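Participant: If you scroll down you'll find the structure; I have some questions about it.
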Amino acid sequence: MSDLRDWLRRHKLEQYAEAFEANDIDLDVLAELSDRDLEQLGLSLGNRRRLLKAIAGQDVETPQPPRSQSAGSSSRDAERRQVTVLFADMVGSTALSGKIDPELLGSLLRRYQDAAAGAIGRYGGFVAKFMGDGVLAYFGFPHAFEDAAERAV
Numbered sequence: 213m214s215d216l217r218d219w220l221r222r223h224k225l226e227q228y229a230e231a232f233e234a235n236d237i238d239l240d241v242l243a244e245l246s247d248r249d250l251e252q253l254g255l256s257l258g259n260r261r262r263l264l265k266a267i268a269g270q271d272v273e274t275p276q277p278p279r280s281q282s283a284g285s286s287s288r289d290a291e292r293r294q295v296t297v298l299f300a301d302m303v304g305s306t307a308l309s310g311k312i313d314p315e316l317l318g319s320l321l322r323r324y325q326d327a328a329a330g331a332i333g334r335y336g337g338f339v340a341k342f343m344g345d346g347v348l349a350y351f352g353f354p355h356a357f358e359d360a361a362e363r364a365v
């Protein structure tokens, strides 16, 4: 479980390592935790949001395929995989932006992004990028799932 402890430490959430270990939660299970699960483990609202964002990959770089181990080789190992790509945006946000205060719109977008990242992370997705009111997410990358398409919807 030291991998989980290291991951929590990197996200400044190491104080929850013992609770996770006591409940047999490791990195494989982490992406499947819901907000309710985290609340039952004793995480505060702010730390639940931080953890869900971290799980969704918002605060980490996009994982790169591993480099070839052979000396002097610059090629990468190829891998064929089914990936589901999801793009979603807020309906009517352009019209809304002309009707409300920009600070209120910014706050609304941040709340939307937090909610989207939480939902994507709960189903094992990876937030690749936020683009204004849009979100681009991958299911089946970096972790493969047989039901990636179902997880996306």
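For the sequence shown, the residue numbers in the numbering used here are 213 to 365.
Built from N, CA and C at the ideal position, the CB exists for glycine as well.
Just so you know, these numbers come straight off a predicted model, no measurement behind them.
What do you get for G337, buried or exposed, if any count of 16 or more other CB atoms within 10 angstroms of its CB means buried?
Facilitator: By 1-based counting over the sequence shown, the position of residue 337 is 125. Residue environment for G337: buried (at least 16 other C-beta atoms within 10 angstroms of its C-beta).
Participant: Taking its Cβ as the centre, do 16 or more other Cβ atoms sit within 10 Å of I267, making it buried, or is it exposed?
Facilitator: As a position in the sequence shown, residue 267 is number 55, starting the count at 1. By the 10 Å Cβ count, I267 comes out buried.
Participant: For E230, is the classification buried or exposed, using 16 other Cβ atoms within 10 angstroms of its Cβ as the cut-off for buried?
Facilitator: Along the sequence shown, one-based indexing puts residue 230 at 18. Exposed, by the Cβ-count rule.
Participant: Can you check the region 330-357 for any alpha helix (DSSP H) of at least 4 residues that lies completely inside it and give the ranges in chain order?
Facilitator: At a cut-off of 4 residues, not a single continuous stretch assigned as alpha helix (DSSP H) sits fully inside the region 330-357.
Participant: Going by DSSP, what residues sit across from D301 in a beta bridge?
Facilitator: Taking the first residue of the sequence shown as 1, we reach residue 301 at position 89. For D301, which the question treats as bridged, DSSP gives the partners G346.
Participant: Looking at F299 and G346, is the spacing between their C-beta atoms short of 8 Å?
Facilitator: Position 134 of the sequence shown holds residue 346. Position 87 of the sequence shown holds residue 299. Yes; because the gap between Cβ atoms is below 8 Å, this pair is in contact.
Participant: Under 8 Å between the Cβ atoms of A340 and A331?
Facilitator: As a first step, residue 340 must be located in the sequence shown, where it is residue number 128. As a first step, residue 331 must be located in the sequence shown, where it is residue number 119. Cβ atoms of A340 and A331: not closer than 8 Å.
Participant: Pull up the distance between the alpha-carbon of S305 and that of Q227, whole angstroms please.
Facilitator: In the sequence shown, the residue the question calls residue 305 occupies position 93. In the sequence shown, the residue the question calls residue 227 occupies position 15. S305 and Q227: Cα-Cα distance of roughly 39 Å.
Participant: By Cβ distance, which residues of its chain are closer than 7 Å to G333, with the 5 residues on each side in sequence left out?
Facilitator: The residue you call residue 333 lines up with position 121 of the sequence shown. Sequence-distant Cβ neighbours of G333 in its own chain, meaning closer than 7 Å and more than five residues away, are A243, L264, I267, A268.
Participant: Per DSSP, which residues does T296 bridge with? Please list them.
Facilitator: Translated into positions along the sequence shown, residue 296 becomes position 84. Looking at the DSSP assignment, T296 forms a beta bridge with F351.
Participant: Considering only residues of the same chain and omitting the five flanking positions on each side of A360, which have a CB-CB separation below 6 Å?
Facilitator: Locating residue 360 in the sequence shown gives position 148, counting from the first residue. Closer than 6 Å at Cβ, skipping near neighbours: T296, F351, G352.
Participant: From A307 to D215, what distance separates their C-alpha atoms?
Facilitator: Numbered from its first residue, the sequence shown carries residue 307 at position 95. Numbered from its first residue, the sequence shown carries residue 215 at position 3. Taking the straight line from one Cα to the other gives about 46 Å.
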